[in-house]
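Asks: In our numbering, the protein residues as written are 2 to 183. Glycine is no exception: its CB is placed at the ideal position from the N, C-alpha and C atoms. The following block contains the structure, expressed as structure tokens.
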Amino acid sequence: MQNRADGIYGVMAEFETPDELIAAAHAARHAGYTRMDAFSPFPIEEVIEEVAPGDTGVPRLVLIAGLTGAATGFILQYIGNVIDYPLNIGGRPLDITNWPAMIPITFEMGILMAAFTAAISMVILNGLPSPYHPVFNVPRFERASQDAFFLCIEATDPLFDRAQTSSFLRSLGPMQVTEVAE
Numbered sequence: 002m003q004n005r006a007d008g009i010y011g012v013m014a015e016f017e018t019p020d021e022l023i024a025a026a027h028a029a030r031h032a033g034y035t036r037m038d039a040f041s042p043f044p045i046e047e048v049i050e051e052v053a054p055g056d057t058g059v060p061r062l063v064l065i066a067g068l069t070g071a072a073t074g075f076i077l078q079y080i081g082n083v084i085d086y087p088l089n090i091g092g093r094p095l096d097i098t099n100w101p102a103m104i105p106i107t108f109e110m111g112i113l114m115a116a117f118t119a120a121i122s123m124v125i126l127n128g129l130p131s132p133y134h135p136v137f138n139v140p141r142f143e144r145a146s147q148d149a150f151f152l153c154i155e156a157t158d159p160l161f162d163r164a165q166t167s168s169f170l171r172s173l174g175p176m177q178v179t180e181v182a183e
């Protein structure tokens, strides 16, 4: 088996249509490849399921952050309105039974923390910012944002072998297969 020590990032195939990319990603997954990435001008749900199956943990992080934000908002209001600075305005009670007045800020704090967590985890898990990536040097890769579809099997994949992986990708009928230098 080959690895990144050989100076290549992986092997990339260019396809003409989204259906060809979907079929290639499906075939690669069923052949046992697990470390691969797809590039296309628009999101293709079937490819996403094949290329990156599994849970990223983001929904759990967002839920925990939302609940933490809501609890923090409620506790801060309770401390401020009931313990530290109680004001009897309009005859409202000065204890925990005043919770309906605290709902808007509690809700907003929950949403705010959940949104921040979702945005920050998206940036971190996507590896952004990424001013350089080895696939940027592949001929015609700039077409990935216009009308071309690419599938790259990375050299870190346990089944990766330079010759076998290139042969496998060629068997899928791409327009071209290119080795991606590190």
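Would you mind stating whether valine 59 and leucine 126 have Cβ atoms separated by less than 8 Å?
Replies: Working through the sequence shown from its first residue, we reach residue 59 at position 58. Working through the sequence shown from its first residue, we reach residue 126 at position 125. It is a contact, given that the beta carbons lie within the stated cut-off.
Asks: Smallest Cα separation from glycine 67: which of Phe108, Tyr34, Ala32?
Replies: Residue 67 sits at position 66 when you count from the first residue of the sequence shown. Closest by alpha carbon: Phe108.
Asks: Can you check the segment 58–106 for any alpha helix (DSSP H) of at least 4 residues that lies completely inside it and give the ranges in chain order?
Replies: 59–79
Asks: Identify the continuous beta strand (DSSP E) that holds phenylalanine 16 and give its terminal residues.
Replies: In the sequence shown, the residue the question calls residue 16 occupies position 15. Run containing phenylalanine 16: 9–16, per the beta strand (DSSP E) assignment.
Asks: Is DSSP giving methionine 114 helix, strand or coil here?
Replies: Working through the sequence shown from its first residue, we reach residue 114 at position 113. Here methionine 114 sits in helix by DSSP.
Asks: Could you give the uninterrupted runs of the beta strand (DSSP E) lying entirely in the segment 123–179, keeping only those of 3 residues or more?
Replies: 150–155
Asks: Compare the Cα-Cα distances from tyrosine 10 to each of His27, Ile154, Pro175, Ala115 and report the closest residue.
Replies: If you number the sequence shown from 1, residue 10 lands on position 9. Out of His27, Ile154, Pro175, Ala115, Ile154 has the C-alpha closest to the C-alpha of tyrosine 10.
Asks: Just reading off the alpha helix (DSSP H) that aspartate 20 is part of, what are its end residues?
Replies: The residue labelled residue 20 in the question sits at position 19 within the sequence shown. First-last of the alpha helix (DSSP H) with aspartate 20: 19–31.
Asks: In angstroms with no decimal places, state the Cα-to-Cα distance between threonine 18 and valine 52.
Replies: If you number the sequence shown from 1, residue 18 lands on position 17. If you number the sequence shown from 1, residue 52 lands on position 51. Looking at the two C-alpha atoms, the distance is approximately 17 Å.
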